[in-house]
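Chains as they are written, first to last, in the numbering used here: chain A, 1 to 354; chain B, 1001 to 1354.
Where a beta carbon is used, it is the ideal one built from N, C-alpha and C, also for glycine.
Note that the structure is predicted; figures quoted are calculated from it, not measured.
Below is one structure, written out as structure tokens, with a few remarks after it.
2 protein chains.
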Amino acid sequence: MEEFEDKGGVGRTELENLGEFGLIDRLTQDLPIHNPQSTLKAVGDDAAVLKVPEGHVQLVSKDLLIEGIHFDMTYCPLKHLGYKAIAVNLSDIAAMNAKPLQVLVGIAVSNRYSLEALEELYAGMRLCCDRYGVDLVGGDTTSSVSGLCISVTVLGSALPERVCYRSGAKENDLLCVSGDLGGAYAGLLLLEREKREFLANPNVQPDFKDFSYVLERQLKPEPRTDIVDLLARLDVKPTSMIDISDGLASEILHLSKESSCGCMLYQSKIPVDAETCKALEIFNILPEVAALSGGEDYELLFTISQKDYEKIKDVPEIRIIGHMVEAAQGNYMVPENGTMIPLTAQGWQAFNKR
Amino acid sequence: MEEFEDKGGVGRTELENLGEFGLIDRLTQDLPIHNPQSTLKAVGDDAAVLKVPEGHVQLVSKDLLIEGIHFDMTYCPLKHLGYKAIAVNLSDIAAMNAKPLQVLVGIAVSNRYSLEALEELYAGMRLCCDRYGVDLVGGDTTSSVSGLCISVTVLGSALPERVCYRSGAKENDLLCVSGDLGGAYAGLLLLEREKREFLANPNVQPDFKDFSYVLERQLKPEPRTDIVDLLARLDVKPTSMIDISDGLASEILHLSKESSCGCMLYQSKIPVDAETCKALEIFNILPEVAALSGGEDYELLFTISQKDYEKIKDVPEIRIIGHMVEAAQGNYMVPENGTMIPLTAQGWQAFNKR
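In structure tokens:
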């Protein structure tokens, strides 16, 4: 995490002294091009010019991140925020079983932010772009009345026969998940606790030792493009796929609905990291609750045909957590002993009063 | 303008009663597909799936529109705002001499907005998409702490040899503009005057008769995709092109800088509509000042080789307004009689205190 260390004391240059074009020039100077055959013209004109690789289709997605809704500047460093803004978008392309190639970034900021603050934000964005071989090809920078609004558009490509939709799952397909779940939510709980304590007594230093993994899960999620590559190497094409942004329950219900299936999820198979469990204990939250409803893990959830079972059964990064059934059977979590629990989407509801 | 008439009394459904997915379903239901060979999968998955037409390159651009910065809800009806949000993005693709095919829309709204308000916004977006044969293929809907934030991404395509950059202008090329200028600024001045009068006395009815053209220029600009088609029919490929969002002066300076040229602009050739002149007179503003610095006209500014002069000289929608010179000569407006006036970018500066 060396590249995330706070350098401190970087000064303050007011945005109004730069103007819109000056700011864009500063933020986008020396951008590397990782995909020269696809990125023909990046920033600097009315639009970016791209070439989709021969025979490929293109994937496009976008996400908005709003201060006070998706992030809290009290505990979210700008560099991490920039990294996360890119990462969650790359995750949408991975969720189509495709490779992200380009991003465009729009930001609206109030004068409360300095040039140096935005440079930190962009440094995090660049770091994520560099790590995943993605080009930042354009965007828009403007002012806002209050707060920070980040809009990222991501473009990627895949051979058409490799693209995975939410709608392809069939009865008896195996339900699989990458990595482990609930960590991002555990990290959020820790950060919110520290915020409350900080507001009560600003002299208290945060005590985050032993929780670096869950904090990183919350502040700096990684898109699972490696799983896309792994599935290609294993010669497995998922029948359906989605990324886990709103919690496992909500995403399972999306796959089931779009595929006209039901699903049986085996409670004991849900992968939760030991550190996540330890952090959740502090808040008296069961690991499966965090996995089902916590959100922001950005792991991939997908279904595979039973004929592919042998290919993935020993892959450590992939866990089989259930199977699809006919729609009439519904969607349930199946404990080892006990009553089946109906799955409900208690995921993140953007418009609820919270 | 029948489709822009206020239907009134549409009720109020709170967003929190719908949830994020319910809202997205409502706003994106029954979206038509105008480009079935290019738009393979629109809304409803983690990303849209597109196919760029054979042999074409792709153009991508994005713009943010922020309440209180780019629009004022006091006088900007939501349906017009939706139309404009799409139109200004299509204009960016036209400015590359390309055809827009798809848009993605992200909106962040506070609970102050109702479902019906957002439906009005989307109705305007759909109207513009339908008029220009563009597909709405995805997006993101979330809440904001305050106000409305609209993020639009536009995708288009062109044969690579038809793409026009800002950087291709050569010495002696002719500088051309479509349509007429200053109208959008004149419309803004009228609307701001009415706002002041309304705030002073809410019983005063706005007096907008005789000014429908300039109001429409401000509230409902049209992207000049027709000029892109016209140039193709005339077999003219501009050597450089840009759209006029920030005012003629600022855009000329962009073309000059990116092309390493200077420019002589003939003051008497700048096209300004009679109604625009009449509106500007109320505010004691010279027509050329509004054209140079007003912004938001969304006309196309481009340069052509002198060999193409005969092809465009009698086209009513295109005016030759100057010519490019070597960089050392600088950028000037040339009056019929008098001293040459250096062009400076007094365009819209997003971060100025206003």
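- Per the DSSP secondary-structure output, arginine 1319(B) pairs in a beta bridge with Val1177(B).
- Annotation: Cβ neighbours of valine 1145(B) in chain A (cutoff 8 Å, chain order): Ile66, Glu67, Gly68, Ile69, Ser146, Gly147.
- Following the DSSP letters along the chain, one finds valine 1060(B) inside the beta strand (DSSP E) bounded by residues 1057-1066.
- With its beta carbon at least 7 Å from every one in chain B, valine 236(A) lies outside the interface.
- With the criterion set as a beta carbon lying under 7 Å from some beta carbon of chain B, the members of the stretch 81-94 of chain A are Asp92, Ile93, in sequence order.
- Close to arginine 1166(B), with beta-carbon spacing below 7 Å, are these residues of chain A in chain order: Asp45.
- With its beta carbon at least 7 Å from every one in chain A, serine 1293(B) lies outside the interface.
- Under the Cβ criterion of 7 Å, glycine 1183(B) is not counted among the residues facing chain A.
- Among the bridge pairs identified by DSSP, lysine 99(A) is matched with Ser157(A).
- Assignment of methionine 73(A) by DSSP, reduced to helix, strand and coil, places it in the coil class.
- Scanning chain A for C-beta atoms nearer than 9 Å to the C-beta of isoleucine 1242(B) yields Asp45, Asp46, reported in chain order.
- Against lysine 1257(B), chain A offers no close residue; the least beta-carbon distance is about 10 Å (beta-carbon pairs closer than 8 Å).
- Membership of aspartate 1308(B) in any beta strand (DSSP E) is not indicated, and neither H nor E is assigned to it by DSSP.
- CA-CA distance, glycine 183(A) to methionine 1241(B), rounds to 50 Å.
- Counting the other Cβ atoms within 10 Å of the Cβ of asparagine 89(A) gives 16 or more, which makes it buried.
- The alpha-carbon of histidine 80(A) is positioned some 45 Å away from that of alanine 1328(B).
- Taken in chain order, the unbroken stretches of beta strand (DSSP E) that lie wholly in the stretch 235-273 of chain A and span 3 residues or more are 240-243, 261-266.
- Beta-bridge partners of tyrosine 1332(B) (DSSP): Met1264(B), Pro1342(B).
- At a C-beta separation below 7 Å, valine 52(A) has these neighbours in chain B: Val1052, Gln1058.
- Looking at Leu343(A), Gly133(A), Pro36(A), Arg162(A), the one whose alpha-carbon comes closest to that of cysteine 263(A) is Leu343(A).
- Neighbours of valine 1163(B) across chain A, judged by C-beta separation under 7 Å: Val49.
- Taking a Cβ-Cβ threshold of 8 Å, the residues of chain B close to methionine 96(A) are Asp1045, Asp1046, Ala1047, Val1049, in chain order.
- Under the three-state reduction of DSSP, serine 1038(B) is assigned to coil, being neither helix nor strand.
- Shortest Cα-Cα distance from valine 103(A) to any of Asp308(A), Asn35(A), Asn337(A) involves Asn35(A).
- Under the three-state reduction of DSSP, isoleucine 1107(B) is assigned to strand.
- In the DSSP assignment, alanine 117(A) falls within the alpha helix (DSSP H) that extends over 115-131.
- Counted as a single uninterrupted DSSP element, the beta strand (DSSP E) harbouring leucine 1136(B) occupies residues 1135-1143.
- Counting C-beta atoms within 10 angstroms of its own C-beta, glutamate 310(A) has fewer than 16 neighbours from the protein chains shown and is therefore classed as exposed.
- Threonine 13(A) is outside the set of residues whose beta carbon lies under 7 Å from a beta carbon in chain B.
- When 7 Å is used as the limit between beta carbons, threonine 153(A) is near these residues of chain B: Lys1062, Leu1104, Thr1153, in chain order.
- Considering only Leu148(A), Val152(A), Ser114(A), the residue with the shortest C-alpha distance to cysteine 129(A) is Val152(A).
- Neighbours of glycine 1138(B) in chain A, taken as residues whose beta carbon is under 9 Å from its own, are Val60, Ser61, Lys62 in chain order.
- When DSSP reads this structure, valine 152(A) sits in a beta bridge with Asp63(A), Val105(A).
- Residues of chain B whose Cβ lies closer than 8 Å to the Cβ of threonine 142(A) are, in chain order, Leu1064, Ile1066, Ile1069, His1070, Ala1350.
- Rounded to whole angstroms, the gap between the alpha carbons of alanine 98(A) and threonine 1339(B) is 60 Å.
- Where alanine 48(A) is concerned, the enclosing beta strand (DSSP E) starts and stops at 48-50.
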